[in-house]
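Report on one structure; see the data block that follows.
Chains as they are written, first to last, in the working numbering: chain A, 189 to 718; chain B, 9 to 110.
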């Protein structure tokens, strides 16, 4: 077995041990969905970082900086600043007023059934878009990394799918949390090592490093990679960049797999501490993407990366050049761990939302039934989510362009989920019709705008390979790749107009209750005992 | 769990209003600040590229330094909030203490 395969197998064995340990410890709904609310602040902070730093960040941003310099680095900035929204606005009130999902906060003073149905739909859509992007990425990556061992794309997708379902079905939130923690520690150590190797290459001189970054050879030109504009160009580049920035900074606070993490800690104060821990880790990580991306640009160069596995292989290839085959295997195993942990987090948030919001509260009106039923439904859902994702990822195939799916997930989270959460927490008049209209407006506008954007529509010449062709062969109707600048205001507008359309004031009484609870933590869900 | 009218009683206390006001005084301005600070980055990069490309420190231009400053802005604001929040926690604890009294 090659070193890469050995490390993959080692990581899988470790995570399965964690799952077995978690399966023996956890029983009951609060244990399954929220790890008994007993995760410590720093642990949850590392897990939030683990949930968030996806392969799209590790491989995607490193590659984007390697190809497009500064414009790629703009993503890094947005991914971190976004956590201020989480810290200041969402995390603590959510922990104080909810139980397992984002919809708990909405359903608190609104009519639970329509609101939960919409919120659950939005959660499932965001998770699915994100998941498919990760699965296709996983398949491509694993088959590239393990190309000597004969593991193909479909086999790789299937392995990843089966593992994520195993973590979630048997180990619940406790196993998922520890898988995130292990992955985050691995990812941070790998990134740190690689950054040090890049700096060592430049004799530990930042001046020499940045000088090289300002003089990157692309073909026979010398390009300053610190200058903006390599990716986003006129006429719409500036607006697209602002649109992307808005979706990142407002979307993170509406990502279901990030939000569910705040239910795993004992109280709001611990939730706050975990966000700050996450911000420390995530910030350092994205700062280091500078060394990974610019390092790949200067040390390898675009032509080399293009010839040896393309943009997403920038970081692993850099590791191979600087640290040899063993280090390449280590970084590849980390990339694999990263994907596995993120898809496990997505699976548990999707299945929690379906079981808790849709099955228990929409279909069964929130009435108490036999104990353990909610958990059983969540396990079945996790299984279905896994099977469907495997199938979709295999049908789409390794060459399908998935980048826009991540953008779509952030756009929906920012345009549908965030307006509903913010208004439910802070606007006394907000009502059921407002929540349903806001969620619908955000969802529909993001999806429609992406569908008519240059990500989907475009006219390709006859020389363009089949896999790279646009899905719709026509001139794009909407010029931006990122819909946020239009869909976020539409989400807020929908929520506002929907509220005004119905003059019902019954929800205002419970607003006082919600306000007291979210501000003081009175009556919040307590940590259970194992 | 407190009885239903307890919520209104707590909400009407001056301590609760003070906590709410203290939180808003911090959270609203800092949210506006960081959103403006953050969005100025793509706005300036998009609409004033020549100014942003000006090198100010060796090969480092304004665009890169401004992007880098966002990391520190985020950490400093988070640390500041952490300090303020421990004050909010104290205020909330006193409200809950009073609420338990008959």
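Ideal placement from N, C-alpha and C gives every residue a C-beta, glycine not left out.
From this set, the options, which residue's C-alpha is nearest residue i's C-alpha?
i, options, result
"residue 437 of chain A", "A/707, A/633 and A/599", "A/599"
"residue 537 of chain A", "A/365, A/602 and A/415", "A/365"
"residue 384 of chain A", "A/477, A/633 and A/699", "A/477"
"residue 544 of chain A", "A/241, A/292 and A/204", "A/292"
"residue 604 of chain A", "A/666, A/623, A/459 and A/228", "A/623"
"residue 711 of chain A", "A/221, A/282, A/339 and A/321", "A/282"
"residue 207 of chain A", "A/335, A/333, A/355 and A/225", "A/355"
"residue 688 of chain A", "A/618, A/676, A/649 and A/713", "A/618"
"residue 419 of chain A", "A/260, A/197 and A/346", "A/260"
"residue 75 of chain B", "B/15, B/16 and B/51", "B/51"
Taking the alpha-carbon positions, what's the residue i to residue j distance?
i, j, result
"residue 489 of chain A", "residue 371 of chain A", "29 Å"
"residue 563 of chain A", "residue 56 of chain B", "54 Å"
"residue 213 of chain A", "residue 399 of chain A", "54 Å"
"residue 22 of chain B", "residue 533 of chain A", "42 Å"
"residue 435 of chain A", "residue 391 of chain A", "39 Å"
"residue 737 of chain A", "residue 671 of chain A", "A query on residue 737 of chain A cannot be resolved here, the shown segment of chain A reaching from 189 to 718 and no further."
"residue 717 of chain A", "residue 421 of chain A", "Confidence in residue 717 of chain A is poor, its pLDDT being 49 and thus under 50, which makes the residue's placement unreliable; the coordinate value appears in the next sentence. Going from the Cα of residue 717 of chain A to the Cα of residue 421 of chain A covers about 56 Å."
"residue 611 of chain A", "residue 96 of chain B", "22 Å"
"residue 318 of chain A", "residue 685 of chain A", "30 Å"
"residue 625 of chain A", "residue 681 of chain A", "9 Å"
"residue 448 of chain A", "residue 430 of chain A", "28 Å"
"residue 275 of chain A", "residue 377 of chain A", "25 Å"
"residue 327 of chain A", "residue 662 of chain A", "30 Å"
"residue 394 of chain A", "residue 474 of chain A", "17 Å"
"residue 31 of chain B", "residue 462 of chain A", "20 Å"
"residue 467 of chain A", "residue 650 of chain A", "47 Å"
"residue 240 of chain A", "residue 640 of chain A", "28 Å"
For chain B, find out if any of its Cβ atoms is closer than 9 Å to the Cβ of residue i; answer yes or no.
i, result
"residue 273 of chain A", "yes"
"residue 416 of chain A", "yes"
"residue 402 of chain A", "yes"
"residue 277 of chain A", "yes"
"residue 297 of chain A", "no"
"residue 399 of chain A", "yes"
"residue 252 of chain A", "no"
"residue 450 of chain A", "no"
"residue 701 of chain A", "yes"
"residue 285 of chain A", "no"
"residue 261 of chain A", "yes"
"residue 467 of chain A", "yes"
At least one CB of chain A closer than 9 Å to the CB of residue i: is that the case?
i, result
"residue 26 of chain B", "no"
"residue 64 of chain B", "no"
"residue 54 of chain B", "yes"
"residue 44 of chain B", "no"
"residue 50 of chain B", "yes"
"residue 22 of chain B", "no"
Would you say residue i and residue j are within 9 Å of each other, going by their C-beta atoms?
i, j, result
"residue 411 of chain A", "residue 482 of chain A", "no"
"residue 285 of chain A", "residue 606 of chain A", "no"
"residue 591 of chain A", "residue 254 of chain A", "no"
"residue 553 of chain A", "residue 297 of chain A", "no"
"residue 542 of chain A", "residue 576 of chain A", "no"
"residue 199 of chain A", "residue 525 of chain A", "yes"
"residue 491 of chain A", "residue 715 of chain A", "no"
"residue 184 of chain A", "residue 315 of chain A", "Residue 184 of chain A lies beyond the residue range present for chain A, which begins at 189 and ends at 718; the question has no answer from this structure."
"residue 219 of chain A", "residue 362 of chain A", "yes"
"residue 528 of chain A", "residue 506 of chain A", "no"
"residue 348 of chain A", "residue 531 of chain A", "yes"
"residue 659 of chain A", "residue 642 of chain A", "no"
"residue 570 of chain A", "residue 357 of chain A", "yes"
"residue 72 of chain B", "residue 414 of chain A", "yes"
"residue 49 of chain B", "residue 425 of chain A", "no"
Quiz item: Quick check: the stretch 247-257 of chain A against the stretch 491-504 of chain A, are there 3 or more CB pairs under 8 Å?
Solution: Yes, since at least three Cβ pairs between the stretch 247-257 of chain A and the stretch 491-504 of chain A fall closer than 8 Å, the two stretches touch.
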